[in-house]
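Heads up: the structure comes next, in structure tokens.
There are 2 protein chains.
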Amino acid sequence: MNITRKNFKETFPLIVESINEADFLAIDGEFTGLTNGRKSHSFDTPEERYHKLKEGTCDFLLVQFGLCTFTYKHEEKKYISKAYNFYIFPTPLNRQASDVRFLCQASSLDFLARQSFDFNKVFYEGIPYLNPAEEQSLSDALQERHNQSMNNELTYVSPSYESPAFKGPLVIPEEHKSFIADICKKIETFLKDEQETSLQLPVCTAYQRKLIYEAARKRFKMGIQLDTQTAENRDRFIVVKKASEEEKKLVEQKKREADWEELKDAVGFSNVIREITRSGKLVVGHNMMLDLMHVLHQFASPLPEDYEEFKSLAHCVFPRICDTKLMSSTNPFKVNIPMTDLGNLTKILERAPFAKPNIEFAAEEHSYSTVANQLHEAGYDAYITGLCFISMANFLGTFQVPIPSRIPANSPLLEPFVNKLYVMMVVDIPYMNLVGADLKPNRDHVFHVSFPASWRTSDIVQLFSAFGHVYIAWINDTSALVGLNYKDNAGLVMKTIGEGESYKIQTYKDYCQTTQVICQTTAVLKRKVDGSPPVKSPRPPKKRKSSGILNPDLPPTIPEEQEETEHEDLGAALWGQPLGKARPAFAKALLCLLHLRAVVSMIVVKFLHLWVVLRLWVRHICPSTHKTCSVRANNRRATHKKAARKYN
Amino acid sequence: MNITRKNFKETFPLIVESINEADFLAIDGEFTGLTNGRKSHSFDTPEERYHKLKEGTCDFLLVQFGLCTFTYKHEEKKYISKAYNFYIFPTPLNRQASDVRFLCQASSLDFLARQSFDFNKVFYEGIPYLNPAEEQSLSDALQERHNQSMNNELTYVSPSYESPAFKGPLVIPEEHKSFIADICKKIETFLKDEQETSLQLPVCTAYQRKLIYEAARKRFKMGIQLDTQTAENRDRFIVVKKASEEEKKLVEQKKREADWEELKDAVGFSNVIREITRSGKLVVGHNMMLDLMHVLHQFASPLPEDYEEFKSLAHCVFPRICDTKLMSSTNPFKVNIPMTDLGNLTKILERAPFAKPNIEFAAEEHSYSTVANQLHEAGYDAYITGLCFISMANFLGTFQVPIPSRIPANSPLLEPFVNKLYVMMVVDIPYMNLVGADLKPNRDHVFHVSFPASWRTSDIVQLFSAFGHVYIAWINDTSALVGLNYKDNAGLVMKTIGEGESYKIQTYKDYCQTTQVICQTTAVLKRKVDGSPPVKSPRPPKKRKSSGILNPDLPPTIPEEQEETEHEDLGAALWGQPLGKARPAFAKALLCLLHLRAVVSMIVVKFLHLWVVLRLWVRHICPSTHKTCSVRANNRRATHKKAARKYN
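If you read the sequences in order, they're chains A and B. For reference, each letter of the first sequence is one residue, going 1 to 648 in our numbering. For reference, each letter of the second sequence is one residue, going 649 to 1296 in our numbering.
Laid out in structure tokens, this is it:
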């Protein structure tokens, strides 16, 4: 159901009812852009990621919000859902209200356009909004204005006034004097004529209207009422009416009530978020970090500088959230889900071992069809996110005996996923924990390298070639974090390539200390070498808060903080290594091989040393040859660089 | 005629033809926002204004461009016009192309929405564009990519690559190994089967497709061709085809040609501006400084830091421009034009002493009706700007004997207006001169005052109360430029109120020197005290470059640089003073009065001094009383401040 400025007020009670009767809510947002400023990388801590997103993405605007409510009908054993698709736009209420400037990203708008997104609906009919602070400030301003107009004080304008126009008591300029005199004469005649009840003045500019108001106020102290009206062709003019002081007061009173009503309406969409908060219901989203940040930023409070403060704010506005991207990327789901993007996930979760949930739309206007594929309309995305959540929740139930008909949103089975936000593209930290400390994986195998801007991936790969495969997270053009695939080699790095002519290398720990990045290296995340559990016979978790009511066969869930977490091979896909599924015996053999490899590496390093000595020799003994060589190498590098740019 | 991505290519030759056959062109632009950052004020020099606009407004986007061509048909004695309304949007061509981030202002979009602006047309069908530098860079990139793919080099990705995905040689992760092996088996079977000509692989993610490409390239060196296709439901999959090396080369060749064609198309709207430049035709706009800056910034070159460089760039891209807002605000037009906004101007210029020009649209698709009032659609605005220009040009002809049937765009009568841009809201500099030095009016009567943030207009008015009316140009919350209405009092200011406890005051000259603002005080702009000339009997200008072919009855035009300019009372409206039209005798009496006033002022100043002494006495002798008073005063001020905010 599309909700715009036009039907928001009348629909709002229904929305509140839907929220209050629901078992859980699913949400989604569409924005005018995604990325700006510092780039995210694969070794960001959740705190670093928060700061990057805060800086880079909150200048964009959330323009569409999807809300889908899901209510379970026990007798019919099915969910009833209601989907709402809100169009949102911060039309300024008046001159006191802030005139929002927001950023757009061309590729994002182009993407939305390809999904048939209706921009006209946003800018023509978008629901306005105010956060609580803005509402308070406008309410104060309105109260002051009313008090002031009652005292009829002479007002002096403020320098923060937007328009560059005249700022002071009005003096009628010469060229307008005859026009104003003419108008005054007209009003005089009108006041004398007992037959006439209203007088329409000629169309004129805003400045002239201001002059008329000022002149009329001075000249006709009593008995008239001026009102600016707009013609169909958008021309604006003043209408003069006769009015006794009582009539004027009554009109004034009505105007004031209208002002308050208008302010109430201007809070607009923020009321929906306030109702969600009030309900305390579980809110489900897919890869919802950005959605959450935008919602908080626009409708609750500008995002705080402090990370812990952000967590508090988020938890305060959304007391219970669950991210389906995090669920689907974690076992027991992960082994059955090759693609976790929302579109594919929905399809995958319709097939075995999962099952399509029994869902019905409350009414025609709430309905979406998964066949129609309206992907990236926020209301539809919220709906299919809810579908995915129910499928995955019910799948958790299949590990219980007897298998329950459904897993409710408040089931302890879901607790491990609650209040955790999926963190995209990070190799060793799958989520941000809104209600506790974040995971602190061991990063002893990660190194920070800084180098000349001419360096490419191949240069870094070459530098680390003695230590096997590496994972490179570019920070900018002159630095990167490099993770060793064979972590056992970590101890060798600083000893062998720690000193470089053209580059600087340091451990992740040192890097964090020097850059004052909050480095979390206390908890150790042990990489699992034995195979992940086959479906339906997983290892029981070491510690579980709500284990009492659980079948011991329940699969392990996502790593928890404050214990030695066993990372469910989230990094394996990224690392490109098959360790996660290797059989224990094979793993042992592999370890032997790794040790062998380390020995080989040492030999390679010796060769490298030899090469450096040779290079020095070449430079000092036969500099001319060296010069030619290095010029050639530089040329090759430049070509590589150019080539690489084109390829992307 | 609406021009979008869909019909741009086919219409372009017609547009070029229209430009080339035209007598002059009229343009207009619509933007996603207007103001951001430092505020303009009424004592900005053109250079300061340029810098403020450059900083504040070029982050917004020009999304609609109106072009209307006007061609005079001598035999029919009428103009034939063709109106084009372009929708413009920087859809990125590919990943090498810059992904533009631009700003929007909520109130501006709301304004456009109220004018029924079609945003969907912009984002769905906007014509892309590249400036020459971007075009060159993409052309280089494409050439490199082609060279590289011919050599079939292994490519390494660049760190400036947008996506945070895997950056290095691809290793197939374990969980995708069976999938990829399966695909390879399928391809193998397909290659053996002589009957089949193409094989559609299953739908998969972009990452999986990348893996397939990589695996296929390694495994099947010859004889196959892979191509990614998109299904109707937007699913993407790879199609494998058998292809000999010759066939592959042919396909490659065609792809390359398509790449070049695509790049050519991506230059898009910039081609229209290039054609306008090439034509050298007079380009007319209304209040066109912002239009010009946006056009240069988006389609020619990012706006230069240096002001003179900007002037050169502007003059280079638009060799001849004329601003109808400047014309209509200058005599001989001004006396007959009370409102110079485009909508009202058009109406005014249809009536005597002006005359509606004889204009016909070339065809139905080019037509607009002035009755329909499509104000703020760029094509329509360009059209009525052209109408206004013709009316005003023809009006200049009415001063000649015999009156010509029309004044052509290259008439010397128009020369004084050519290459001058109207500068909004500046009291004493009406225009920016693109082909010479800007006007340097005398600002000896202007003072810079800095004060506490609590000060309001009333405080400044009070400070200067001894010198009569003042004009205040707020710079920010703690400083303003103050101009005396009675300039003769200028000499007294520093002597009397030059030293202040809570404020700092300095002359405009000193202010310019301290802030290193380019202060232009060499040329003197004498304020005219005698009346402005009645229509049809104006004073001849003192100096005129092209006076040889002019009737001596020609009305004076706008002030010219490098001579003692006689400002046509442009400031009078803003100053709110009738001096401009006072009779000489009366003016003398007025001057006497002014001197008298100065004497009175001196007495007032003495009183002020007395007050300061008294205040000091109060502070030191009875501090408790003073405290109470100042608390009260502060409260009053705070209330004023709040009240003033509400009023605006």
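By construction, the Cβ of each residue, glycine as well, lies at the ideal position given by its N, Cα and C atoms.
Check your understanding: Anyone know if the C-beta pair for Val63/A and Thr32/A falls short of 9 Å?
Key -> yes
Exercise for review: Buried or exposed for Gln562/A, please, with buried defined as at least 16 other CB atoms from any protein chain shown within 10 angstroms of its CB.
Suggested key: Any reading at Gln562/A is ruled out, since the residue's pLDDT is 38, under 50, leaving its predicted position unreliable.
**Study point:** Extent of the continuous alpha helix (DSSP H) to which Gln513/A belongs
**Key:** Tyr508 to Thr515
Point to revise | is_contact[Ala761/B, chain A] using C-beta, thresh 9 Å | key: yes
Practice item. Confirm, please, whether the CB-CB distance from Leu290/A to Arg320/A is below 9 Å. Key: no
Point to revise | Glu13/A, buried or exposed, once every other Cβ within 10 Å from all chains shown has been counted against 16 | key: For the record, residue 13/A in the displayed sequence is Pro; it is not Glu. Pro13/A is exposed by the Cβ-count criterion.
**Study point:** Where the beta strand (DSSP E) through Asn476/A begins and ends
**Key:** Val470 to Asn476
Review point. DSSP on Asp459/A, reduced to helix/strand/coil?
Key: helix
Check your understanding: Which residue from Ile985/B, Ala1010/B and Phe1009/B puts its Cα closest to that of Glu998/B?
Key -> Ile985/B
**Study point:** Contiguous alpha helix (DSSP H) assignments of at least 4 residues, all confined to the stretch 974 to 1023 of chain B
**Key:** 990 to 996
Check your understanding: In chain C, which residues lie with their C-beta within 8 Å of the C-beta of Ala106/A?
Key -> In the displayed structure, chain C is absent; the protein chains listed are A and B.
Review point. Taking Cβ-Cβ distances shorter than 7 Å, what residues in chain A pair up with Asn684/B?
Key: Arg101
Check your understanding: Per DSSP, Leu103/A forms a beta bridge with which residues?
Key -> Phe60/A and Leu751/B
Exercise for review: Find out if the Cβ-Cβ distance for the pair Asp438/A, Glu30/A is shorter than 9 Å.
Suggested key: no
**Study point:** Glu773/B classed as buried or exposed, judged by whether at least 16 other C-beta atoms fall within 10 angstroms
**Key:** buried
Check your understanding: Pro338/A versus chain B: which residues are under 9 Å apart at the beta carbon?
Key -> Glu823, His824, Phe827, Cys852, Thr853 and Gln856
Practice item. Can you tell me which of Tyr1151/B, Ser787/B and Val748/B puts its alpha carbon nearest to the alpha carbon of Ala106/A? Key: Val748/B
Point to revise | Gln744/B in three-state terms, based on DSSP | key: coil
Review point. Rounded to a whole number of angstroms, what is the C-alpha to C-alpha distance between Tyr727/B and Ile1055/B?
Key: 12 Å
**Study point:** Interface residues of chain B facing Gly33/A [CB-CB closer than 8 Å]
**Key:** Arg749
Practice item. Using the Cα positions of Asn742/B and Gln784/B, report the straight-line distance between them to the nearest angstrom. Key: 15 Å
Review point. Considering Lys281/A, what are the terminal residues of the alpha helix (DSSP H) in which it resides?
Key: No alpha helix (DSSP H) contains Lys281/A, which DSSP labels as neither H nor E.
**Study point:** Residues of its chain near Pro952/B, where Cβ-Cβ distance is below 7 Å and the 5 sequence neighbours each way are ignored
**Key:** Phe958 and Leu961
Review point. Going by beta carbon distance, what residues of the same chain come within less than 8 Å of Asn648/A, once the five residues before and after it are set aside?
Key: In this prediction, Asn648/A has a pLDDT of 37, which is less than 50 and means its spatial position is unreliable; nothing more can be read from the coordinates.
Point to revise | Cut-off 8 Å between Cβ atoms - residues of its own chain near Lys9/A, not counting five sequence neighbours on either side | key: Asp265
Practice item. Measure the beta-carbon distance from Cys716/B to Ala1030/B and round it to whole angstroms, keeping in mind my assumption that it falls under 8 Å. Key: 4 Å
Practice item. Just grab the DSSP bridge partners of Cys970/B for me. Key: Val932/B and Val1066/B
Practice item. Closer than 8 Å by C-beta to Val1083/B: which residues in its own chain qualify, once you throw out the five before and the five after it? Chain order, please. Key: Lys959, His963 and Asn1067
Practice item. To the nearest angstrom, report how far apart Thr876/B and Leu786/B are at their CA atoms. Key: 23 Å
Check your understanding: Can you list, in chain order, the residues of its chain whose CB lies under 7 Å from that of Thr385/A, leaving out five sequence neighbours each side?
Key -> Ala26, Asp28, Val284, Gly285, His286, Thr324 and Leu342
Review point. For a contact meaning CB atoms closer than 8 Å, what does Phe8/A contact in chain B?
Key: Within 8 Å Cβ-Cβ: nothing; Phe8/A doesn't reach chain B, min ~16 Å.
Check your understanding: Taking Cβ positions, are Ile1123/B and Lys702/B nearer each other than 9 Å?
Key -> no
Check your understanding: Any chance the stretch 1091 to 1102 of chain B sits against the stretch 1151 to 1164 of chain B, with 3 or more Cβ pairs inside 8 Å?
Key -> yes
Check your understanding: Whose CA, out of Ile667/B, Glu823/B and Phe765/B, lies closest to the CA of Tyr720/B?
Key -> Ile667/B
Check your understanding: Hey, does Tyr129/A have any beta-carbon neighbour from chain B nearer than 9 Å?
Key -> no
Point to revise | Ser270/A beta carbon less than 9 Å from that of Asn131/A | key: yes
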